[in-house]
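In what follows, a single structure is set out as structure tokens and then discussed.
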Amino acid sequence: MDYPTWVEGGNVWNFGLSHIPAPTIPIPDTTALPYGNEQWYSAQLSHRTEAGHPSGPSPIPTQKSKQRRRKETCARAPRKVSPSEEKWKLAIGTIKELYLQENYTLEEIMEIMQFVYHFHATTDQTNPWQLLEDRCYGASILIKTSSYGKAEVSLTQFFEGLQQVANIQGPSILVKFWRICLELRGLDGMNPRLRAVSRFLTMLQKEFSEHHGMEHPLFHLATMLGQVSPEDFKDTLRIGYVKTIKELQGMIGNENAIALHMWSVYFRYWDTQDLQKEVFFAKFQYLLSHFSKNCRDRQSKTLTAIYYYYIYAAYYICEQPVLAQGMARYMLEDMGPLGPNPHWTF
Numbered sequence: 030m031d032y033p034t035w036v037e038g039g040n041v042w043n044f045g046l047s048h049i050p051a052p053t054i055p056i057p058d059t060t061a062l063p064y065g066n067e068q069w070y071s072a073q074l075s076h077r078t079e080a081g082h083p084s085g086p087s088p089i090p091t092q093k094s095k096q097r098r099r100k101e102t103c104a105r106a107p108r109k110v111s112p113s114e115e116k117w118k119l120a121i122g123t124i125k126e127l128y129l130q131e132n133y134t135l136e137e138i139m140e141i142m143q144f145v146y147h148f149h150a151t152t153d154q155t156n157p158w159q160l161l162e163d164r165c166y167g168a169s170i171l172i173k174t175s176s177y178g179k180a181e182v183s184l185t186q187f188f189e190g191l192q193q194v195a196n197i198q199g200p201s202i203l204v205k206f207w208r209i210c211l212e213l214r215g216l217d218g219m220n221p222r223l224r225a226v227s228r229f230l231t232m233l234q235k236e237f238s239e240h241h242g243m244e245h246p247l248f249h250l251a252t253m254l255g256q257v258s259p260e261d262f263k264d265t266l267r268i269g270y271v272k273t274i275k276e277l278q279g280m281i282g283n284e285n286a287i288a289l290h291m292w293s294v295y296f297r298y299w300d301t302q303d304l305q306k307e308v309f310f311a312k313f314q315y316l317l318s319h320f321s322k323n324c325r326d327r328q329s330k331t332l333t334a335i336y337y338y339y340i341y342a343a344y345y346i347c348e349q350p351v352l353a354q355g356m357a358r359y360m361l362e363d364m365g366p367l368g369p370n371p372h373w374t375f
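This is how it looks when you write it as structure tokens:
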């Protein structure tokens, strides 16, 4: 079975498993963002051209994108968007130490962040926070379809669930935390009377202080974000999200599935103008190739997640809906009939 192809500017990009072997996928500096490094991307595009691949779009921003960036920068200039660097370090810079304090070994952190093959609901700490994110997403969809009563029920279930899981710690909390903030911000945009973001951060402050004390980094993070004005909130989330990704990359590497997916979410909500999509997408291709070849359980949580991340990047980042739909069909064929009581959630 052949993978779908990506058509870009008249060129056909065949991302079959055998087309991009591991040696051709570079590993950039983990301290750098995976975009904006024109020298690095130019080198990769030159390498691909020499290997017989099309060169793809130019890494140099267009005049239109420069004008848009200048306009956005000028619009943000009068305000101090982000809290101080000292506050960021207090809230996010201690993530690694925090989870080592909680008796997580580095190997356990990597296992959690890469997902585990054998999923047990009683021990997996990603699931409760993921369910909270699902509630937010569900409420957003329901409001958009004018199902306000059902949306209110979903949001009520979210806040009830938050009280129950706020004391559960794990490296995956901050993976979901920023997505929840973005979803709740969207809800407030559709109905400001909900005050969803304010309620969320206030409840987190209360729960974190009661269970972990007021010196806990997550308490500081919730408190700090609660002091940001609504006009500056999304920009502040952007800064916090990038800092979180870079901190996690220092722990699990920048080729990890969850780290790459977090960058996909970042590029979906924020700037993609300097992103070389084919280079970024090739990382997902290599990741899928690696796990697909070594995974005997075709319905494993790990492989399912990587398929989903691949499809997400194709649809939202690379703007290739046909490729995303083709890969979704391929995933279902590869996985085969589902067993009883599946409860995947991403």
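Residues in the sequence shown are numbered consecutively from 30, following the numbering used here. Cβ coordinates follow ideal geometry from the N, Cα and C atoms, glycine included.
With a cutoff of 8 Å on beta-carbon distance, residue 331 and residue 313 are scored as not near each other. Between residue 310 and residue 288, the C-beta spacing is not below 8 Å. Comparing alpha carbon positions, the residue from 347, 336, 351 closest to residue 360 is 336.
Listed in chain order, the alpha helix (DSSP H) elements of length 4 or more contained wholly in the region 150–231 are 155–173, 177–194, 202–219. Residue environment analysis places residue 306 among the buried positions, since at least 16 neighbouring C-beta atoms fall within 10 angstroms of its C-beta. Counting C-beta atoms within 10 angstroms of its own C-beta, residue 283 has 16 or more neighbours from the protein chains shown and is therefore classed as buried. In the three-state reduction of the DSSP assignment, residue 355 falls in the helix class, which pools H, G and I.
Sequence-distant partners of residue 162 (beyond 5 residues in either direction) whose C-beta falls short of 6 Å from its own C-beta, in its chain, are 205, 208, 209. Around the beta carbon of residue 189, a 10 Å sphere encloses fewer than 16 other beta carbons of the protein chains shown; the residue is thus reported as exposed. Within the model, the alpha-carbon separation for residue 366 versus residue 334 is close to 17 Å. Residue 214 and residue 235 have their alpha carbons spaced roughly 20 Å apart. The Cβ atoms of residue 191 and residue 232 lie closer than 8 Å to each other. Residue 349 sits in coil when the DSSP states are folded into three classes, being neither helix nor strand. A straight line joining the alpha-carbon of residue 315 with that of residue 285 spans about 11 Å. Between residue 169 and residue 216, the beta carbon gap of about 6 Å places them in contact (Cβ cut-off 8 Å). Per DSSP, the unbroken alpha helix (DSSP H) holding residue 251 starts and ends at 246–255. In the three-state DSSP reduction, residue 327 falls in the coil class, being neither helix nor strand.
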